[in-house]
Amino acid sequence: MSARTRARRRALELMFEAGQRRLDTDQVVTMRSNDPDYPMKAYAVEIVEGVTSHRDEIDEIIATYAEGWTLERMPAVDLALLQIGTWEILFNDEVPDKAAIDEAVSLAKQFSTDDSPGFISGLLSRVLDVKPTLI
């Protein structure tokens with residue numbers, strides 16, 4: 001597993017925990033940064049901070065292209081993966097767009113429902129298709 005893959009997984013865990021515990025993501029990052037058994041990955045923090053700083057825009061894009069699904073109705077893991085993938089596609093030029101989609105789908109296969117990988121792949125592919133009109 002690559003360092004970026006581990007960082008994405010860590011970012012997913014941080015975002016999921018923040019949502020479940022109803023905490024700000026920066027609070028969870030601070031709490032977990034002091035855990036010697038589970039070292040914080042710099043790219044995980046970058047993802048969490050990036051998603052947090054662009055959350056309104058990212059959530060609006062996801063809501064627009066998630067046909068028949070509201071953000072509230074989505075499984076928490078799927079929403080976090082969509083936020084991570086959308087942030088990487090739109091706001092992180094260091095990550096190839098297809099890699100962002102592949103990584104989100106891979107994490108969905110590990111941590112979400114059987115239907116989630118296809119849903120996430122389709123929605124992030126749509127985000128990629130309309131990227132030129134979004135940025």
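Numbered according to the UniProt record's numbering, the sequence shown terminates at residue 135, and the numbering increases by one at each position without gaps. Cβ atoms here follow ideal geometry from the backbone N, Cα and C, with glycine treated the same way.
* What do you get for T25, buried or exposed, if any count of 16 or more other CB atoms within 10 angstroms of its CB means buried? -> Indexing the sequence shown from 1 puts residue 25 at position 25. The residue in question, T25, is buried, as its Cβ has 16 or more Cβ neighbours within 10 Å.
* To do: Taking 8 Å as the threshold, find out whether the stretch 28-36 comes into contact with the stretch 54-67 through three or more Cβ pairs.
  => no
* Measure the C-alpha to C-alpha separation of residue 159 and S112 and round it to an integer number of angstroms. => Because the chain spans 1 through 135 in this model, residue 159 falls outside it and cannot be assessed.
* Asked: Between which two residues does the alpha helix (DSSP H) containing R9 stretch?
  -> Locating residue 9 in the sequence shown gives position 9, where the first residue counts as 1. It spans 3-21 - the alpha helix (DSSP H) in which R9 sits, taken as one unbroken run.
* May I have the straight-line CA-CA distance separating V130 from S53, to the nearest angstrom? => The sequence position of residue 130 within the sequence shown is 130, counting from 1. The sequence position of residue 53 within the sequence shown is 53, counting from 1. Those two C-alpha atoms are separated by around 21 Å.
* To do: Label P117 either buried or exposed according to how many other C-beta atoms from any shown protein chain fall within 10 Å of its C-beta, with 16 as the threshold for buried.
  => Position 117 of the sequence shown, counted from the first residue, corresponds to residue 117. With 16 or more other Cβ atoms within 10 Å, it is buried.
* Asked: With C-beta atoms as the reference, is I47 less than 7 Å away from A76?
  -> The residue given as residue 47 occupies position 47 in the sequence shown. The residue given as residue 76 occupies position 76 in the sequence shown. No, they are not a contact pair.
* Asked: Where R6 and I84 are concerned, what is the direct C-alpha to C-alpha distance, given to the nearest angstrom?
  -> Locating residue 6 in the sequence shown gives position 6, where the first residue counts as 1. Locating residue 84 in the sequence shown gives position 84, where the first residue counts as 1. Taking the straight line joining both Cα atoms gives about 13 Å.
* Asked: Expressed to the nearest angstrom, what Euclidean distance is found between the alpha-carbon atoms of G42 and R22?
  -> Reading the sequence shown from its first residue, position 42 is the one you call residue 42. Reading the sequence shown from its first residue, position 22 is the one you call residue 22. Residue 42 is actually Ala in this sequence, not Gly. Near 23 Å, if we compare the C-alpha coordinates of R22 and A42.
* Proximity winner among M40, W69, Q27, relative to R8 (alpha-carbon distances) -> For the purposes of this step, residue 8 is taken as the residue at position 8 of the sequence shown. Closest option to R8, Cα to Cα, is M40.
* Asked: What number of angstroms, rounded off, separates the C-alpha of V127 from the C-alpha of P36?
  -> Taking the sequence shown and counting its residues from 1, the one referred to as residue 127 is at position 127. Taking the sequence shown and counting its residues from 1, the one referred to as residue 36 is at position 36. Near 37 Å, if we compare the C-alpha coordinates of P36 and V127.
* To do: Taking the CB atoms as reference points, tell me whether A104 and L123 lie closer together than 7 Å.
  => Translated into the one-based positions of the sequence shown, residue 104 becomes position 104. Translated into the one-based positions of the sequence shown, residue 123 becomes position 123. No, Cβ-Cβ distance for A104 and L123 is not below 7 Å.
* To do: Count the other C-beta atoms from every protein chain shown that fall within 10 angstroms of the C-beta of T70, then say buried if there are 16 or more, exposed otherwise.
  => In the sequence shown, counting from the first residue as 1, residue 70 sits at position 70. It is exposed - the Cβ of T70 has fewer than 16 other Cβ atoms within 10 Å.
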